[in-house]
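Numbering (full-length UniProt numbering), first residue to last: 1 to 229. Data block below; observations after.
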C-alpha cells in the first residue's frame, strides 16, 4: 500500500517542522501549507488522505478552509488549534471537521487520532466529486467558487451559489426541498419552498440555454431538485 499523505496546514514553522519529522518517521508522506489559500490549492493538487489544520491562519480563518473543502471533498480534517473553548470546537465540527486537538498537544495523542482518521477514510479519486464540474453549457469550479458560461464568469449571489453547490456536489441525485432549505437557509426555513422556486428560476436564467426547458437544474415535482451534467 502507498503511504498515507497528510497535509499539515499551520503558520508556525516549529510546529510544521515537528509534525513533518514525526510523521515522516512513521511512514507518512507529508505536504505542508502555511495559509488557507495554499491549503485549498494543495488539497486539489495532492489529494491527501488527511488534513491537519490550524484555525489561526494569516489569510483566512481555518473554519473558512473547512467550509471550502467540504464543498467538494470528504477528506478527513483534524483541527489542531490553540482555541480550546467549547464554542470554537463546536463551530469547527459543525463546519465539517472530523476531530479537534487542542494546542499544546501530545504527539502520541495526535498520532493516534491520525491513525483513526486514516482507518475511517474512504477517500479516493473515484469517490470524490471533481473540483471542476463541466456541462455542455457552463462550468462550476467548486474550489474557487466560480461559475463560467461561454468563457465568461457568471456572477451568483451567495444564496444562489449555496443552492447550486449543493446540487452540483450530488450529481444525478435527488436533493429534497427540505435539505436544500435547511443547508442553505437554515432549519427555520424548511417549509419555505417558495424560496427554492425563486432561486432555481434565477439560476436557470443565468445558466441554462433555455430556462423554461432546463437540461441541468431539474425539478422533481413535490420532492426536490436534481443536477445533471
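We treat Cβ as the ideally placed atom computed from N, Cα and C, and that holds for glycine.
Let me make sure I understand the geometry here. Which of the options has the alpha-carbon closest to that of residue i?
i: residue 202; options: 85, 161 and 42; result: 161
i: residue 115; options: 144, 52, 183 and 93; result: 52
i: residue 9; options: 173, 35, 175 and 17; result: 35
i: residue 49; options: 28, 33, 58 and 65; result: 28
i: residue 30; options: 216, 215 and 17; result: 17
i: residue 168; options: 91, 218 and 185; result: 218
i: residue 137; options: 131, 149, 143 and 145; result: 149
i: residue 71; options: 171, 182 and 143; result: 143
i: residue 89; options: 69, 110 and 62; result: 62
Can you tell me whether residue i is buried or exposed, with buried defined as 16 or more other CB within 10 angstroms of its CB?
i: residue 21; result: exposed
i: residue 99; result: buried
i: residue 241; result: Because the chain is modelled from 1 through 229, residue 241 falls outside the range shown and cannot be assessed.
i: residue 46; result: exposed
i: residue 54; result: buried
i: residue 197; result: exposed
i: residue 13; result: exposed
i: residue 220; result: exposed
i: residue 87; result: exposed
i: residue 125; result: Confidence in residue 125 is poor, its pLDDT being 36 and thus under 50, which makes the residue's placement unreliable; the coordinate value appears in the next sentence. The residue is exposed, with fewer than 16 neighbouring Cβ atoms inside 10 Å.
i: residue 224; result: buried
i: residue 216; result: buried
i: residue 97; result: buried
According to DSSP, simplified to helix, strand and coil, what is residue i?
i: residue 39; result: helix
i: residue 189; result: helix
i: residue 113; result: helix
i: residue 108; result: helix
i: residue 14; result: helix
i: residue 86; result: helix
i: residue 25; result: helix
i: residue 124; result: In this prediction, residue 124 has a pLDDT of 39, which is less than 50 and means its spatial position is unreliable; what the coordinates show is noted afterwards. Note: residue 124 maps to coil in three-state DSSP.
i: residue 8; result: strand
i: residue 54; result: coil
i: residue 97; result: coil
i: residue 198; result: helix
On the premise that residue j lies in contact with residue i, defined as a C-beta separation below 8 Å, what is that separation, rounded to the nearest angstrom?
i: residue 78; j: residue 43; result: In fact, because the Cβ distance is near 14 Å, the residues do not count as touching under 8 Å.
i: residue 117; j: residue 95; result: Residue 117 to residue 95, Cβ: 16 Å. No contact.
i: residue 39; j: residue 6; result: Incorrect: roughly 12 Å between the Cβ atoms, too far for contact.
i: residue 213; j: residue 174; result: About 20 Å separates the two Cβ atoms, so there is no contact after all.
i: residue 195; j: residue 181; result: 7 Å
i: residue 69; j: residue 103; result: That belief does not hold up - the Cβ atoms of residue 69 and residue 103 are roughly 21 Å apart, past 8 Å.
With residue i as the anchor, note down where its beta strand (DSSP E) starts and where it stops.
i: residue 67; result: That residue, residue 67, is in no beta strand (DSSP E); its alpha helix (DSSP H) goes 62-70.
i: residue 220; result: 217-220
i: residue 227; result: 224-227
i: residue 146; result: 146-149
From what residue to what residue does the alpha helix (DSSP H) around residue i run?
i: residue 159; result: 158-168
i: residue 183; result: 177-184
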